[in-house]
Ligand SMILES: Cc1cc2nc3c(=O)[nH]c(=O)nc-3n(C[C@H](O)[C@H](O)[C@H](O)COP(=O)(O)OP(=O)(O)OC[C@H]3O[C@@H](n4cnc5c(N)ncnc54)[C@H](O)[C@@H]3O)c2cc1C
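Residue numbers (the working numbering): 245 to 663.
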């Protein structure tokens with residue numbers, strides 16, 4: 245987050261890079277006064293070179309975290325109302341559906357919009373064989389389909405985007421990212437006149453309750469007996485998919501040692517706890533997993549998704565008619581339930597309290613119930629506990645049954661505290 249004094253708060257920065265793209269004043273050598281660096285925690289954050297910064301405030305205006313925090317009056321009910329038409333469905337290309345993160349909806353939409361010339365390009369990310377995260381503007385629909393899959397790492401989606409748009413002279417783009425990326429894109433548009441006036445964006449957000457730091461991937465490599473820095477395929481091969489490394493081991497991504505990281509919030513960056521859009525209502529379309537018992541039987545891959553704008557709805561219905569995707573209407577409440585209603589309530593309440601607790605920031609005076617404060621304490625404790633078990637390698641010696649009981653009990657406590 246960048247405040248009005250251009251002070252940077254790493255703890256609540258998502259590393260989206262809207263700030264670097266908003267800066268209008270590179271120096272004579274083309275050096276941008278605001279650049280992303282990796283901080284001690286290994287997370288991408290901006291740093292300003294005050295010698296060449298003109299204090300134009302474009303980075304401040306573009307920072308979505310700042311916007312979220314000071315203007316955020318979201319409540320569970322107001323959030324629920326923002327979810328548009330909801331669907332269950334999947335890509336009708338079975339191989340693609342099987343290889344994708346969930347059911348191939350996101351990259352199927354991307355390929356279709358490109359094939360039918362409804363966009364000039366698609367902004368999408370992937371991990372290359374050297375394990376670097378690459379974000380490109382794809383103009384080839386087959387290439388964009390290959391970016392299917394999940395990246396459980398911090399992605400600086402907008403970094404370098406303004407220049408790539410200018411070079412390609414793009415006028416209409418589809419952008420696929422996490423809700424925080426799409427929020428960054430929206431605030432970037434308000435701060436960057438060229439993008440606001442000349443480029444139209446259609447957006448897809450993945451449902452996201454948390455991403456992960458690099459320590460999470462290091463732990464996965466340990467379990468997969470992979471080489472240091474080897475690329476991990478986090479999902480794909482049906483649903484809920486497998487976690488694998490090329491030529492090496494693979495484990496179901498529901499493996500208890502992996503899944504406890506998610507349920508226990510281990511290796512989740514602090515900024516994720518200050519987010520208030522876990523289902524991505526900020527985007528035209530938001531896409532997630534079908535975590536509802538009635539969909540578990542089909543192992544090829546099933547998605548729940550929402551069209552949060554008329555544009556999104558038109559695309560989904562057009563693609564269903566063109567027999568690219570299968571759709572059935574779903575209810576808003578089922579979409580929320582699939583993501584754990586208690587957790588969605590937690591994330592759509594008392595953002596300032598979360599900002600103080602997880603971002604370590606000084607803020608506000610909100611009336612926060614004791615029960616909410618207890619829930620925050622529980623989340624922090626649980627996070628610390630599982631991270632410690634992983635770091636000390638204690639987790640390697642705990643029988644799976646014990647871990648399963650630990651997960652169940654943790655889930656029950658979360659349920660009770662969030663009532
Ligand atoms: C960090 C993270 C957390 C998630 N949390 C949840 C959750 O709590 N609940 C839930 O139901 N679903 C969650 N998802 C979404 C789910 O795993 C699928 O990504 C989603 O259902 C889309 O599946 P798909 O088959 O349509 O995507 P695909 O067709 O396989 O396409 C995936 C697209 O997502 C892009 N992408 C992947 N990872 C990232 C990333 N980190 N940043 C930006 N772009 C990325 C790829 O570039 C590609 O364009 C999460 C995904 C991620 C990456």
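C-beta: ideal position from N, C-alpha, C; glycine also.
How should residue i be labelled, buried or exposed, when 16 other C-beta atoms within 10 angstroms of its C-beta is the threshold for buried?
i: residue 245; result: buried
i: residue 257; result: buried
i: residue 344; result: buried
i: residue 628; result: exposed
i: residue 301; result: exposed
i: residue 287; result: buried
i: residue 625; result: exposed
i: residue 498; result: exposed
i: residue 457; result: buried
i: residue 427; result: buried
i: residue 405; result: buried
i: residue 510; result: buried
i: residue 293; result: exposed
i: residue 340; result: buried
i: residue 522; result: buried
i: residue 505; result: buried
i: residue 451; result: buried
i: residue 591; result: buried
i: residue 599; result: buried
i: residue 445; result: buried
i: residue 358; result: buried
i: residue 335; result: buried
i: residue 645; result: exposed
i: residue 352; result: buried
Please determine whether the Cβ atom of residue i lies at a distance below 8 Å from any heavy atom of ligand 1.
i: residue 522; result: yes
i: residue 622; result: no
i: residue 653; result: no
i: residue 432; result: no
i: residue 537; result: no
i: residue 565; result: no
i: residue 307; result: no
i: residue 571; result: no
i: residue 533; result: yes
i: residue 347; result: yes
i: residue 392; result: yes
i: residue 321; result: no
i: residue 455; result: yes
i: residue 464; result: no
i: residue 397; result: yes
i: residue 405; result: no
i: residue 351; result: yes
i: residue 370; result: yes
i: residue 422; result: yes
i: residue 593; result: no
i: residue 662; result: no
i: residue 425; result: yes
i: residue 452; result: yes
i: residue 428; result: no
i: residue 299; result: no
For residue i, which residues does DSSP report across the bridge?
i: residue 570; result: 334
i: residue 418; result: 366 and 446
i: residue 495; result: 487
i: residue 290; result: 280
i: residue 371; result: 377
i: residue 547; result: 333 and 533
i: residue 246; result: 252
i: residue 382; result: 366
i: residue 477; result: 488
Would residue i count as contacting chain C if we go by Cβ distances under 9 Å?
i: residue 387; result: Looking at the structure shown, chain C is missing, and only one protein chain is on hand.
Next item on the list: Check whether the segment 570 to 586 touches the segment 368 to 378, taking contact to mean three or more Cβ pairs, one atom from each stretch, closer than 8 Å.
Entry: no
Next item on the list: Specify whether the segment 514 to 522 and the segment 638 to 650 touch according to this definition: at least 3 beta carbon pairs, one from each stretch, less than 8 Å apart.
Entry: Under the Cβ criterion (8 Å, minimum of three pairs), the segment 514 to 522 does not count as touching the segment 638 to 650.
Item checked: Meets three-Cβ-pair contact criterion under 8 Å: the segment 403 to 418 and the segment 482 to 500 -> no
Item checked: the segment 462 to 482 touching the segment 431 to 451, judged by at least three CB pairs closer than 8 Å -> no
Notebook entry, point to check: Are at least three pairs of beta-carbons, each pair with one atom in the segment 472 to 481 and one in the segment 385 to 396, less than 8 Å apart?
Noted result: yes
Item checked: the segment 523 to 530 in contact with the segment 544 to 552 per 3-pair CB rule at 8 Å -> yes
Margin query: Closer than 8 Å is the cut-off here; do at least three beta carbon pairs connect the segment 591 to 603 with the segment 359 to 371?
Written below: Output reads no: the segment 359 to 371 does not touch the segment 591 to 603.
Note to self: Taking contact to mean 3 or more Cβ pairs, one atom from each stretch, closer than 8 Å, check whether the segment 613 to 624 and the segment 536 to 544 are in contact.
What the structure shows: Here the segment 613 to 624 makes no contact with the segment 536 to 544; the two share fewer than three CB pairs at distances below 8 Å.
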